[in-house]
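Note sheet for the following structure.
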Amino acid sequence: MSIEMTKLLNMNRTDLAKKWAEVFGHPAPNKSREDLLRQTLGWHLQAYNQGGISRVDQKRMRGADTKTLAAGSRLIRVWQGETHQVMVLDSGFSYAGRHWKSLSAIARTITGTAWSGPVFFGIKK
Numbered sequence: 000m001s002i003e004m005t006k007l008l009n010m011n012r013t014d015l016a017k018k019w020a021e022v023f024g025h026p027a028p029n030k031s032r033e034d035l036l037r038q039t040l041g042w043h044l045q046a047y048n049q050g051g052i053s054r055v056d057q058k059r060m061r062g063a064d065t066k067t068l069a070a071g072s073r074l075i076r077v078w079q080g081e082t083h084q085v086m087v088l089d090s091g092f093s094y095a096g097r098h099w100k101s102l103s104a105i106a107r108t109i110t111g112t113a114w115s116g117p118v119f120f121g122i123k124k
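Under numbering that gives the first Met the number 0, think of the first position of the sequence shown as 0, with each following residue one higher.
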């Protein structure tokens with residue numbers, strides 16, 4: 000076990016919170032238990048000591064929080080008084096009688112300007 004890991008085992012909540020702020024650049028969550036702070040810091044230190052998280056895994060983790068749309072879902076957006084409906088398909092989207100590969104292309108067609116499709120349809124902020 001590394002010296003840093005051993006130090007974590009002997010830290011109280013106040014010390015763990017200070018270490019958290021040092022490592023993550025923001026205060027530790029107020030109501031987090033001491034053991035959770037210790038485990039999270041320990042995991043982070045181990046990952047860092049082993050070369051960190053690969054770019055591929057970082058990309059996977061960023062994508063993990065994205066919402067997936069099930070085929071058959073209907074997206075509805077009112078734009079300038081007109082209601083637009085998009086049907087989610089297994090391989091893209093259906094809008095105005097056409098097959099589309101991306102929501103952004105549909106949003107661009109509706110608005111006449113570049114938009115993030117997921118933002119335009121309220122899927123993503």
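In this text, a Cβ means the ideal position worked out from N, Cα and C, and glycines have one as well.
So, residue i versus residue j, is the Cβ gap smaller than 8 Å?
{"i": "Leu7", "j": "Arg37", "result": "yes"}
{"i": "Ser115", "j": "Ser103", "result": "yes"}
{"i": "Leu74", "j": "Val87", "result": "yes"}
{"i": "Arg76", "j": "Phe23", "result": "no"}
{"i": "Thr108", "j": "Trp78", "result": "no"}
Check the DSSP bridge columns for residue i and list the partner residues they point to.
{"i": "Arg73", "result": "Met86"}
{"i": "Tyr94", "result": "Arg97"}
{"i": "Trp78", "result": "Glu81"}
Here's the rule: buried if 16 or more other CB atoms are within 10 angstroms of the residue's CB, otherwise exposed. What is residue i?
{"i": "Ala106", "result": "buried"}
{"i": "Ala27", "result": "buried"}
Whole angstroms is fine: what's the gap from residue i's alpha carbon to residue j's?
{"i": "Leu129", "j": "Asn29", "result": "With the chain represented from 0 up to 124, any question about residue 129 goes unanswered, as that position is not in the structure."}
{"i": "Ile52", "j": "Thr82", "result": "44 Å"}
{"i": "Gly121", "j": "Thr5", "result": "47 Å"}
{"i": "Gly153", "j": "Thr13", "result": "With the chain represented from 0 up to 124, any question about residue 153 goes unanswered, as that position is not in the structure."}
{"i": "Thr67", "j": "His43", "result": "28 Å"}
Any beta carbon from chain B within less than 8 Å of residue i's own beta carbon?
{"i": "Arg32", "result": "Considering every chain present, this structure includes no chain B. It has just one protein chain."}
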